[in-house]
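These notes concern the structure reproduced below.
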Amino acid sequence: MYGKMTLYFLDLLGTAVFAATGAMVAARRKLDLFGALVLAFVTAVGGGTIRDAILGSTPVFWINDPTYIEVICLATALTILGRRWWHSTRYVILVTDALGLGVFTVIGVEKALSFNVSPLPAVIMGVLTGAGGGLIRDVFAGRVPMVLRHEIYATAAIAGGLLYVLTMNFGLSREFVVICCASVVFGLRLLAIYSNFSLPRVSGP
Amino acid sequence: MYGKMTLYFLDLLGTAVFAATGAMVAARRKLDLFGALVLAFVTAVGGGTIRDAILGSTPVFWINDPTYIEVICLATALTILGRRWWHSTRYVILVTDALGLGVFTVIGVEKALSFNVSPLPAVIMGVLTGAGGGLIRDVFAGRVPMVLRHEIYATAAIAGGLLYVLTMNFGLSREFVVICCASVVFGLRLLAIYSNFSLPRVSGP
Amino acid sequence: MYGKMTLYFLDLLGTAVFAATGAMVAARRKLDLFGALVLAFVTAVGGGTIRDAILGSTPVFWINDPTYIEVICLATALTILGRRWWHSTRYVILVTDALGLGVFTVIGVEKALSFNVSPLPAVIMGVLTGAGGGLIRDVFAGRVPMVLRHEIYATAAIAGGLLYVLTMNFGLSREFVVICCASVVFGLRLLAIYSNFSLPRVSGP
Numbered sequence: 031m032y033g034k035m036t037l038y039f040l041d042l043l044g045t046a047v048f049a050a051t052g053a054m055v056a057a058r059r060k061l062d063l064f065g066a067l068v069l070a071f072v073t074a075v076g077g078g079t080i081r082d083a084i085l086g087s088t089p090v091f092w093i094n095d096p097t098y099i100e101v102i103c104l105a106t107a108l109t110i111l112g113r114r115w116w117h118s119t120r121y122v123i124l125v126t127d128a129l130g131l132g133v134f135t136v137i138g139v140e141k142a143l144s145f146n147v148s149p150l151p152a153v154i155m156g157v158l159t160g161a162g163g164g165l166i167r168d169v170f171a172g173r174v175p176m177v178l179r180h181e182i183y184a185t186a187a188i189a190g191g192l193l194y195v196l197t198m199n200f201g202l203s204r205e206f207v208v209i210c211c212a213s214v215v216f217g218l219r220l221l222a223i224y225s226n227f228s229l230p231r232v233s234g235p
Numbered sequence: 031m032y033g034k035m036t037l038y039f040l041d042l043l044g045t046a047v048f049a050a051t052g053a054m055v056a057a058r059r060k061l062d063l064f065g066a067l068v069l070a071f072v073t074a075v076g077g078g079t080i081r082d083a084i085l086g087s088t089p090v091f092w093i094n095d096p097t098y099i100e101v102i103c104l105a106t107a108l109t110i111l112g113r114r115w116w117h118s119t120r121y122v123i124l125v126t127d128a129l130g131l132g133v134f135t136v137i138g139v140e141k142a143l144s145f146n147v148s149p150l151p152a153v154i155m156g157v158l159t160g161a162g163g164g165l166i167r168d169v170f171a172g173r174v175p176m177v178l179r180h181e182i183y184a185t186a187a188i189a190g191g192l193l194y195v196l197t198m199n200f201g202l203s204r205e206f207v208v209i210c211c212a213s214v215v216f217g218l219r220l221l222a223i224y225s226n227f228s229l230p231r232v233s234g235p
Numbered sequence: 031m032y033g034k035m036t037l038y039f040l041d042l043l044g045t046a047v048f049a050a051t052g053a054m055v056a057a058r059r060k061l062d063l064f065g066a067l068v069l070a071f072v073t074a075v076g077g078g079t080i081r082d083a084i085l086g087s088t089p090v091f092w093i094n095d096p097t098y099i100e101v102i103c104l105a106t107a108l109t110i111l112g113r114r115w116w117h118s119t120r121y122v123i124l125v126t127d128a129l130g131l132g133v134f135t136v137i138g139v140e141k142a143l144s145f146n147v148s149p150l151p152a153v154i155m156g157v158l159t160g161a162g163g164g165l166i167r168d169v170f171a172g173r174v175p176m177v178l179r180h181e182i183y184a185t186a187a188i189a190g191g192l193l194y195v196l197t198m199n200f201g202l203s204r205e206f207v208v209i210c211c212a213s214v215v216f217g218l219r220l221l222a223i224y225s226n227f228s229l230p231r232v233s234g235p
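Residue numbers (this note's numbering), protein chains in the order written: chain Z, 31 to 235; chain G, 31 to 235; chain C, 31 to 235.
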């Protein structure tokens, strides 16, 4: 119960920071207030929405829990009002975003498994939940999605998702597995940020 | 019954003009006939399709009523054949498009409410139905969506949707609420067109 | 039974070559390995996924058959490892892609019909299954979708889909109709490749 509340709180924290990155991209592209809200919205819940549509879990998760919408609106407002502090808070944003990626990935894998999905598609649902929103945000903003380019972002989510499905039958407590996997995603993403490490590009002739 | 027929007729009128704007964008981007059909299609039914997928109302609305598809094909054909009159009909298009926005928004809010969705997500479903198609059209055509940029478009839909959920428990007749809300969207949009009024841009550092 | 196995085999072959074209686009846009996997994935199963979400056939097809995911991963790996042979194999790719288009279209039409969809929307579901993945691939890669531009691609799928719904009540065996329709798509697409024939562009003022 306590763990469930914590995961829900972290989920909302991830939602808020994902929304903030959406609002920031909107500002950089000189969109209007509605554009900021839309990008905040698709970044925060876009991945989970597609996951739920694919699994057939409809109405999708945020329809029946208005808290998500409220958190997104609040985060967008705070992001726009506080834009003079963006530069000084950018590490806080990057670190919270990495935390959100871990939490979203684990939530996505668990939701897929609760629909009796086999392990490999469950990992994909985890990655989609974690990285799908940022991808849609970038497509809407008219730029090639950041997650498809030289950065360890989705790769961290893949690693965490694989760890989950590999260890889930080891008899470990669910909470322990959740914490471990989210931490692995979080840790790999932090490592990538601090070391500027990235996947090799694919190059064609 | 009479009101229901009128709403359905206005829905088809909105479908036709949304399709026409899709075909026009296709022509400006030098796409082929199939590209024009696809852009017409996603502009006209894209928002409602995503709404239905989110709500779990499948098969989505246009699958079981071929009239939508027929209207879209006809509108696309007429738009392409009549391209020499685009300039002289542009105000007709803008005004009909504003009408379509109002009708689509109200239909989206009502459909969400018929699925027992709470008010805030219902407003989002209304805005999605009204403005979602134009957004996808622009993403497919490779430009930053018009609705995300300095124009009162989605904002008019938000106002109409909010008015609906605020007044629906006042004991007013459903038809009266529908007409009022669609008219508010239509009026705000017309005002924006004639005054070139727009939302302030969000600007970042 | 034998025919069903053959169709499934052709489906996987189409999946593999669609995935390969996704990985190639990723390489040309200098995306990373994850970007290549994502583009391979959306090209191969994107159209069918949207079709299933529209029809309400959830969880979507590839969730319960991991073979699709395995084929995509394998095809992506082979495509990247074999990039020095892309130029010399480009006709093999084009021809196999045309075959995949035919197979995917027929599968899409049949799936829609199995949901009691009327003929016109069933044709649209066929075209979506065949050409939708390539469209999403191009949007994600930040270019105007190839299928919307001057090429006979989706048009071949439309022709095959229409033939299917027109002949399905003629009392012909299902296998014969499937083979004929897939062959028509395949043949038209090959003809377009070899003759560089394309649809007229729509041009506006």
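Note that the Cβ used here is the ideal one computed from N, Cα and C, for glycine as well. Owing to the predicted nature of the structure, the values given are computational and were not obtained by experimental measurement.
- Around PRO175 (chain G), no beta-carbon contact reaches into chain C at under 8 Å, the shortest distance being about 12 Å.
- Contact of ARG179 (chain G) with chain Z by beta-carbon distance below 7 Å involves LEU61, ASP62, GLY65.
- Counting only residues of its own chain and dropping the five nearest sequence neighbours on each side, GLU205 (chain C) has a CB closer than 8 Å to the CB of GLY33.
- Straight across, the Cα-Cα distance linking PRO175 (chain Z) with ARG167 (chain C) is about 12 Å.
- Interface residue (Cβ-Cβ distance to chain C less than 9 Å): SER148 (chain Z) is classified as such.
- Distances from the alpha-carbon of LEU178 (chain C) to those of G:THR45, G:THR97, G:VAL72, G:VAL147 put G:VAL72 closest.
- Using a Cβ distance threshold of 9 Å, LEU85 (chain C) and ILE93 (chain G) count as a contacting pair.
- Classified as buried, VAL47 (chain G) has 16 or more neighbouring CB atoms from the shown chains inside 10 Å of its CB.
- The closest CA to that of MET54 (chain C), considering only C:ALA187, C:THR135, C:GLY164, is found on C:GLY164.
- By the C-beta density criterion, TYR224 (chain Z) is exposed, having fewer than 16 other C-beta atoms within 10 angstroms.
- Within the same chain, Cβ atoms closer than 6 Å to the Cβ of ALA70 (chain C) are found at ALA49, GLY52, ALA53, ILE102, THR106, the five residues on either side in sequence being excluded.
- Less than 9 Å divides the Cβ of GLY132 (chain G) from the Cβ of PHE216 (chain G).
- Taking 9 Å as the cut-off, the Cβ atoms of ILE188 (chain G) and VAL153 (chain G) count as close.
- In the DSSP assignment, GLY77 (chain C) falls within the unbroken alpha helix (DSSP H) covering 63 to 85.
- For the C-beta of GLY86 (chain G), the chain Z residues within less than 7 Å are, from N- to C-terminus, THR88, PRO89.
- A Cβ-Cβ separation of about 19 Å leaves ALA56 (chain C) out of contact with GLY44 (chain C) under the 8 Å criterion.
- Counting the other CB atoms within 10 Å of its CB gives MET155 (chain Z) a total of 16 or more, which places it among the buried residues.
- Nearest in C-alpha terms to THR159 (chain Z), of all of Z:TYR194, Z:ASN226, Z:ASP82, Z:TRP115, is Z:ASP82.
- Straight-line measurement puts the Cα of TYR121 (chain Z) at about 19 Å from the Cα of LEU111 (chain Z).
- In chain order, GLY44, VAL47, PHE48 place their CB closer than 6 Å to the CB of GLY130 (chain C), counting only its own chain and leaving out the 5 sequence neighbours on each side.
- Interface flag for ILE123 (chain C) against chain Z is unset, since no Cβ pair is found closer than 9 Å.
- Interface with chain Z (9 Å Cβ-Cβ cutoff): VAL101 (chain C) is excluded.
- Look at MET176 (chain Z) here: in three-state DSSP terms it is helix.
- Taking the CA atoms as reference points, ARG113 (chain C) sits about 30 Å from THR185 (chain C).
- For a Cβ distance threshold of 7 Å, residue set PRO89 of chain C lies close to PHE145 (chain Z), ordered along the chain.
- Proximity of chain G to ALA83 (chain C) at the Cβ level (cut-off 8 Å) is accounted for by ALA83, THR88, in chain order.
- Sequence-distant partners of VAL207 (chain C) (beyond 5 residues in either direction) whose C-beta falls short of 7 Å from its own C-beta, in its chain, are TYR194, THR197, MET198.
- Contact with chain G is found for LEU165 (chain C), since one of that chain's Cβ atoms lies less than 9 Å from the residue's Cβ.
- Going by C-alpha positions, ALA142 (chain C) is about 18 Å away from GLY76 (chain G).
- Listed in chain order, the non-local C-beta contacts of LEU192 (chain G) below 8 Å within the same chain comprise VAL153, local neighbours out to five positions each way being set aside.
- Distances from the alpha-carbon of PRO151 (chain G) to those of Z:VAL90, Z:GLU140, Z:ILE182 put Z:VAL90 closest.
- LEU69 (chain Z) has a beta carbon lying within less than 9 Å of a beta carbon in chain G.
- Contact annotation: GLY78 (chain G) and VAL136 (chain G) have beta-carbon atoms that are not nearer than 9 Å.
- For GLY201 (chain C), the secondary structure class from DSSP, reduced to helix, strand or coil, is coil.
- Between ARG173 (chain C) and the set G:ILE182, G:GLU181, G:ARG59, G:VAL125, the nearest pair of CA atoms involves G:ARG59.
- In this structure LEU40 (chain Z) does not touch ALA128 (chain Z) by the C-beta definition: roughly 12 Å separates them, more than the 8 Å allowed.
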